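Asker: The structure that follows is given in the form of structure tokens.
2 protein chains.
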Amino acid sequence: MSSRAGIVVTGTEVLTGRVSDRNGPWLAEQLRILGVDIAQIVVVGDRPTDLAQALRFLADTGVDLILTSGGLGPTADDLTAEVVGWVQGRPSELVPALEQQIADIVTKLSAGRGWRVDPEATAAATRKQALVPVGANVLPPVGTAPGLVVPVADGRSGPPVVVLPGPPRELQGMWPAAIADPLVLDALAGREELRQQTIRLWGTPESELAATLRDNDAKLAGLEITTCLRGGELEIVTRYGPDAQSAYDDFAAVIQHAYPETLFSLDGSTIDDQVADSLRAGRLSIATAESCTAGLLAARLTERAGSSAYVLGGLVVYANRAKEELVGVPAELIARVGAVSAEVAEAMANGARTRLGADVGVGITGIAGPGGGTAEKPVGLVHLCVMSDTRTVARKIQVPGSRADVRARAVLIAMHMLRELLAD
Amino acid sequence: MSSRAGIVVTGTEVLTGRVSDRNGPWLAEQLRILGVDIAQIVVVGDRPTDLAQALRFLADTGVDLILTSGGLGPTADDLTAEVVGWVQGRPSELVPALEQQIADIVTKLSAGRGWRVDPEATAAATRKQALVPVGANVLPPVGTAPGLVVPVADGRSGPPVVVLPGPPRELQGMWPAAIADPLVLDALAGREELRQQTIRLWGTPESELAATLRDNDAKLAGLEITTCLRGGELEIVTRYGPDAQSAYDDFAAVIQHAYPETLFSLDGSTIDDQVADSLRAGRLSIATAESCTAGLLAARLTERAGSSAYVLGGLVVYANRAKEELVGVPAELIARVGAVSAEVAEAMANGARTRLGADVGVGITGIAGPGGGTAEKPVGLVHLCVMSDTRTVARKIQVPGSRADVRARAVLIAMHMLRELLAD
Chain A
3 MSSRAGIVVT
13 GTEVLTGRVS
23 DRNGPWLAEQ
33 LRILGVDIAQ
43 IVVVGDRPTD
53 LAQALRFLAD
63 TGVDLILTSG
73 GLGPTADDLT
83 AEVVGWVQGR
93 PSELVPALEQ
103 QIADIVTKLS
113 AGRGWRVDPE
123 ATAAATRKQA
133 LVPVGANVLP
143 PVGTAPGLVV
153 PVADGRSGPP
163 VVVLPGPPRE
173 LQGMWPAAIA
183 DPLVLDALAG
193 REELRQQTIR
203 LWGTPESELA
213 ATLRDNDAKL
223 AGLEITTCLR
233 GGELEIVTRY
243 GPDAQSAYDD
253 FAAVIQHAYP
263 ETLFSLDGST
273 IDDQVADSLR
283 AGRLSIATAE
293 SCTAGLLAAR
303 LTERAGSSAY
313 VLGGLVVYAN
323 RAKEELVGVP
333 AELIARVGAV
343 SAEVAEAMAN
353 GARTRLGADV
363 GVGITGIAGP
373 GGGTAEKPVG
383 LVHLCVMSDT
393 RTVARKIQVP
403 GSRADVRARA
413 VLIAMHMLRE
423 LLAD
Chain B
3 MSSRAGIVVT
13 GTEVLTGRVS
23 DRNGPWLAEQ
33 LRILGVDIAQ
43 IVVVGDRPTD
53 LAQALRFLAD
63 TGVDLILTSG
73 GLGPTADDLT
83 AEVVGWVQGR
93 PSELVPALEQ
103 QIADIVTKLS
113 AGRGWRVDPE
123 ATAAATRKQA
133 LVPVGANVLP
143 PVGTAPGLVV
153 PVADGRSGPP
163 VVVLPGPPRE
173 LQGMWPAAIA
183 DPLVLDALAG
193 REELRQQTIR
203 LWGTPESELA
213 ATLRDNDAKL
223 AGLEITTCLR
233 GGELEIVTRY
243 GPDAQSAYDD
253 FAAVIQHAYP
263 ETLFSLDGST
273 IDDQVADSLR
283 AGRLSIATAE
293 SCTAGLLAAR
303 LTERAGSSAY
313 VLGGLVVYAN
323 RAKEELVGVP
333 AELIARVGAV
343 SAEVAEAMAN
353 GARTRLGADV
363 GVGITGIAGP
373 GGGTAEKPVG
383 LVHLCVMSDT
393 RTVARKIQVP
403 GSRADVRARA
413 VLIAMHMLRE
423 LLAD
């Protein structure tokens, strides 16, 4: 049996979708690496009773540890520390040394940002953030808010609660101190290694994979397999203990055998990893010309550190005149076959290569919608072309869904076309 | 008292962060519009006991309705319908008419995508998706999976559960049928109007706002105020019933009075709305030249439908040679002051304008990191310039955090500089 933990993410802004939660999944992954399994993530707004209910629910499921993120700021709706103390049976009190430490941080921060600060407001905010449940361990602030590890009151039973700040940078910065805390180490003493492997297919329907899993059901004991289809990539994630390693190896062999053409990642590498590795290995440079995706592919290719080694740049050619002048698509060609056409996608890929002096060029032109579609060229039609000096790969796709869906899918398909182009 | 609902998002891929949940927040917002308040969103993996626990927890909190998303696919880890039936005391049975309907959809879909399909695998998948808890209402499929409204078994008490598919497009497409369902209408009969207003400030510290809220505490009865700082934008969201409208109006006036310089949105409009509206109203075109943000600003400006009316295009100039050749930054200038400098940002903004023939140009050049920083020009240093034919706004910023943080912050600041440039 591995240890189990539960996570509470607080914040009305997360509950209502104004901010998407990055902390719950990040914590889940960090805990998995430690061999701690996550049962539930509960998102609650900034209301004390809802937060208290969520904490009690997770404690009742029998988890060994609870972690919270958010609600440590200076405003009155930031109430996590107080509510956790209340649920754990530990009232809060002011810790003067901590108050001074926070005050010093705020003073330095405000000076750096050039903020005009009201001393009285700052003092009140600082005082609030220095209130700590009696008997809790304090984790040093990364931003202005300290974290906490709050055990249950003496004589009661239940898991300790690790209270972490909401800003992902602060939460992640505080993580090493959190997992080194004696109360946390003690709570997770029973953990065992939990392995995770990811396999990715491109173009296999989920129902086919379901049949393969059913046919091999007897061999899958000890493996927790989850599948997820996203934008045409079918991701198979398997978790298992060390004693199921040979079962996993057999399963991976089954998938290799069943899907030789659509399997593109057996080692968990992403399409982004593979394209970057191929460009690096081949010492190839790349340039893009994008219409409907308008920079999304260039932004994706440059997401990773060191991408300047192979990305030269790109052209976002939204207007037809930009297609003509910046990429060199002949005006006559646009007039004859239209801006959304295989010919223009190819001219764009070629123009990106020549204008930027790159080895590999990409051209994407399509109708992202919701307007601009016709019977012949409906919304969701996208032409793509990727080109090196020796090969060209072209595709025409018809993507269902929203403007954002069409743009995202076109970028993903371009990445897979690049993989195909660069494969030896 | 308004009605309350709880949401369960299923899927190990969501719990572990491989896919970020879009459904919980979307459902929360749709329910708010209907006057239904959300207490908690629980994210669970594909494990029957965890899902059952989450359903029971939400029922125990006394909500009027529970909604689930995900777990309706054809693989064995998709088990929501079965578990909901079990928790509600209603075993599942095959509905032949539904099986036929799903089979027809799958056949059509596979043909359109050119998938080679194994008939036996498809039949098994279809059969699984046509299993319905006895006495549940079926919501017609938008993709292949039907939705369900599952009441508790006769003689027991508890809220009905609305079971919706995981893909956001399918879930959103099914929503009108879900809220028209008689069981859902009955469960939400007690709802009252819940209003929501958003105010946005740019550059006010959260601690200042906290002081303003404390000073005006007596006036805020009936208002549920939450604040959230993201990337320098301080967002104030207030929820209230119709009888607190005058309290809200007073509160908005307090904010207007306290923060005349940093208040940029009193009507909930976003910075994206405001920049788009200003460009449209002024009949101005825009073009970008981006280095470290590498297309992210162009992609953001073109996120909205109809942006082709004012976005001409952009230049992603990652390599110095691209800066010289595509945007016309003098090589001598780069050699003299460096690619990351106020001078180059200005030359890029100017180059974007002239090369694309746009009214407004943007130049962004910086060091996104993690490598490439020096003592004089550290990681996180970004120079920005926005320019029209009559005005220029330039800024130098130093952003903490990761590569992604630096890129995102630079784009947000560029948007606010555009607002400033375009303000009359």
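Read top to bottom, the protein sequences are chains A and B. Be aware that the first sequence starts at 3, since it is given in my numbering, and climbs by one per residue. Be aware that the second sequence starts at 3, since it is given in my numbering, and climbs by one per residue. Just so you know, even glycine gets a beta-carbon here, dropped at the ideal spot from N, CA and C. Keep in mind that this is a model prediction, so the values were computed, not measured.
#1: Under 8 Å: do the stretch 342–358 of chain B and the stretch 301–311 of chain B share three or more Cβ pairs, one atom per stretch?
#2: Using a beta-carbon distance below 9 Å, is residue 190/B in contact with chain A?
#3: Rounded to a whole number of angstroms, what is the C-alpha to C-alpha distance between residue 135/A and residue 28/B?
#4: Can you round the beta-carbon distance between residue 419/A and residue 395/A to whole angstroms, since I take them to be within the 8 Å contact cut?
#5: For the stretch 25–79 of chain A, list the beta strand (DSSP E) runs that are entirely contained and at least 3 residues long, ordered along the chain.
#6: Between the stretch 41–59 of chain A and chain B, which residues of the former have CB atoms less than 9 Å from a CB of the latter, in chain order?
#7: Please state if the CB of residue 398/B and the CB of residue 384/B are separated by a distance shorter than 9 Å.
#8: Closest by CA to residue 185/A, which one among 198/A, 213/A and 154/A?
#9: Cβ of residue 227/A within 8 Å of any heavy atom in the ligand SAH?
#10: Please give the ranges of any alpha helix (DSSP H) in the stretch 250–327 of chain B, keeping only runs that are unbroken, at least 4 residues long and fully inside the region.
#11: Quick one: what's got a C-beta closer than 7 Å to residue 405/B's C-beta in the same chain, skipping five residues either side?
#12: Can you name the start and end residues of the beta strand (DSSP E) that residue 370/A belongs to?
#13: Can you give me, in chain order, the residues of the stretch 316–327 of chain B that have a beta carbon less than 9 Å from any beta carbon in chain A?
#14: For the candidate residues 174/B, 157/B, 168/B and 253/B, whose alpha-carbon lies nearest to that of residue 201/B?
#15: Just how far apart, CA to CA, sit residue 276/A and residue 266/A?
#16: Applying a beta-carbon distance threshold of less than 8 Å, which residues of chain A neighbour residue 142/B?
#17: Are the beta-carbon atoms of residue 21/B and residue 20/A separated by less than 9 Å?
#18: Please confirm whether residue 124/A and residue 71/A have their CB atoms less than 9 Å apart.
#19: Quick one: residues in its chain with C-beta nearer than 6 Å to the C-beta of residue 365/B, no 5 flanking neighbours on either side, listed in chain order?
#20: Between which two residues does the beta strand (DSSP E) harbouring residue 203/A extend?
#21: Are three or more beta carbon pairs between the stretch 255–274 of chain B and the stretch 160–169 of chain A nearer than 8 Å?
#22: Nearest by alpha-carbon distance to residue 43/B: which of 137/B, 303/B and 59/B is it?
#23: Tell me whether residue 95/B sits in a helix, a strand or coil according to DSSP, three-state version.
#24: Please decide whether residue 275/A counts as near chain B, where near means a Cβ-Cβ distance under 9 Å.
#25: Could you tell me the alpha carbon to alpha carbon distance between residue 173/A and residue 144/A, rounded to whole angstroms?
#26: Of all the CB atoms in chain A, is at least one closer than 9 Å to the CB of residue 227/B?
#27: Closer than 8 Å is the cut-off here; do at least three beta carbon pairs connect the stretch 239–253 of chain A with the stretch 311–330 of chain A?
#28: Nearest-angstrom Cα distance between residue 273/B and residue 271/A?
#29: Roughly how many angstroms lie between the CA atoms of residue 207/B and residue 208/A, to the nearest whole one?
#30: Please classify residue 5/A as buried or exposed, where buried requires at least 16 other C-beta atoms within 10 Å of its C-beta.
#31: Show which residues of chain A have a CB atom less than 9 Å away from the CB atom of residue 126/B.
#32: If you run the structure through DSSP and keep just helix, strand and coil, what is residue 400/A?
#33: Need the endpoints of the beta strand (DSSP E) that residue 352/B sits in, please.
#34: Is it buried or exposed for residue 102/B, if we count other Cβ within 10 angstroms and need 16 for buried?
#35: Give a yes or no on whether the minimum CB-CB distance between residue 20/B and chain E is below 9 Å.
#36: Can you give the Cα-Cα distance for residue 263/B and residue 199/B, rounded to whole angstroms?
Answerer: Concretely, from the data shown:
#1: The answer is no - the stretch 301–311 of chain B does not touch the stretch 342–358 of chain B, with fewer than three Cβ pairs under 8 Å.
#2: Position 188 of the second sequence, counting from 1, holds the residue named residue 190/B. Chain A contact via Cβ: absent.
#3: Within the first sequence, the letter at position 133 stands for residue 135/A. Within the second sequence, the letter at position 26 stands for residue 28/B. Distance between the alpha carbons of residue 135/A and residue 28/B is about 35 Å.
#4: The residue given as residue 419/A occupies position 417 in the first sequence. The residue given as residue 395/A occupies position 393 in the first sequence. Cβ-Cβ separation between residue 419/A and residue 395/A: approximately 5 Å, consistent with a contact (criterion under 8 Å).
#5: If we require 3 residues or more, the beta strand (DSSP E) runs fully inside the stretch 25–79 of chain A come out as 38–46 and 67–71.
#6: Those would be 41, 42, 43, 44, 45, 46, 47, 48, 49, 51, 52, 55, 56 and 59, in chain order.
#7: By 1-based counting over the second sequence, the position of residue 384/B is 382. By 1-based counting over the second sequence, the position of residue 398/B is 396. Cβ distance < 9 Å, so residue 384/B and residue 398/B count as in contact.
#8: Position 183 of the first sequence holds residue 185/A. Selected option, being the one with the closest Cα: 154/A.
#9: Ligands displayed in this structure: none; no statement on the ligand SAH is therefore possible.
#10: 273–283 and 298–303
#11: The sequence position of residue 405/B within the second sequence is 403, counting from 1. So the qualifying residues of the chain are 370, 371 and 372.
#12: Numbered from its first residue, the first sequence carries residue 370/A at position 368. Run containing residue 370/A: none; DSSP gives neither H nor E here.
#13: 316, 317, 318, 319, 320, 321, 323, 324, 325 and 327
#14: As a working mapping, residue 201/B is identified with position 199 in the second sequence. It is 253/B whose Cα lies nearest to the Cα of residue 201/B.
#15: As a position in the first sequence, residue 276/A is number 274, starting the count at 1. As a position in the first sequence, residue 266/A is number 264, starting the count at 1. Those two C-alpha atoms are separated by around 9 Å.
#16: Mapped onto the second sequence, residue 142/B falls at position 140. Ordered by position in chain A, no residue passes the 8 Å Cβ test against residue 142/B, which lies about 17 Å from the chain.
#17: Here residue 21/B refers to the residue found at position 19 when the second sequence is read from its first residue. Here residue 20/A refers to the residue found at position 18 when the first sequence is read from its first residue. Contact flag unset, no.
#18: Position 122 of the first sequence holds residue 124/A. Position 69 of the first sequence holds residue 71/A. Going by C-beta atoms, residue 124/A is not nearer than 9 Å to residue 71/A.
#19: Here residue 365/B refers to the residue found at position 363 of the second sequence. So the list reads 291, 347, 350, 351 and 387, once near-sequence residues are dropped.
#20: In the first sequence, the residue the question calls residue 203/A occupies position 201. First-last of the beta strand (DSSP E) with residue 203/A: 197–204.
#21: no
#22: As a working note, residue 43/B is residue 41 in the second sequence. Ranking 137/B, 303/B and 59/B by Cα distance to residue 43/B puts 59/B first.
#23: The sequence position of residue 95/B within the second sequence is 93, counting from 1. Residue 95/B: strand per DSSP, three-state reduction.
#24: On the first sequence, position 273 is the one that residue 275/A refers to. It does not: the Cβ of residue 275/A has no partner Cβ on chain B nearer than 9 Å.
#25: Within the first sequence, numbered from 1, the residue matching residue 173/A stands at position 171. Within the first sequence, numbered from 1, the residue matching residue 144/A stands at position 142. Their Cα atoms are separated by approximately 8 Å.
#26: Taking the first residue of the second sequence as 1, we reach residue 227/B at position 225. Interface residue, yes.
#27: No: the two stretches stay apart, fewer than three of their Cβ pairs being nearer than 8 Å.
#28: Numbered from 1 along the second sequence, position 271 holds the residue referred to as residue 273/B. Numbered from 1 along the first sequence, position 269 holds the residue referred to as residue 271/A. Cα to Cα, residue 273/B sits roughly 36 Å from residue 271/A.
#29: Taking the second sequence and counting its residues from 1, the one referred to as residue 207/B is at position 205. Taking the first sequence and counting its residues from 1, the one referred to as residue 208/A is at position 206. Distance between the alpha carbons of residue 207/B and residue 208/A is about 48 Å.
#30: In the first sequence, the residue the question calls residue 5/A occupies position 3. Burial call: buried.
#31: Along the second sequence, one-based indexing puts residue 126/B at 124. Simply 209, 212, 213 and 216.
#32: As a first step, residue 400/A is located in the first sequence; it is residue number 398 there, counting from the start. Three-state DSSP puts residue 400/A in a strand.
#33: Indexing the second sequence from 1 puts residue 352/B at position 350. From DSSP, residue 352/B is part of no beta strand (DSSP E) but of the alpha helix (DSSP H) over 344–358.
#34: Residue mapping note: residue 102/B aligns to position 100 of the second sequence, counting from 1. That one is exposed.
#35: Within the model displayed, chain E is absent; protein chains A and B are what it includes.
#36: The residue labelled residue 263/B in the question sits at position 261 within the second sequence. The residue labelled residue 199/B in the question sits at position 197 within the second sequence. Each residue's alpha carbon lies about 20 Å from the other.
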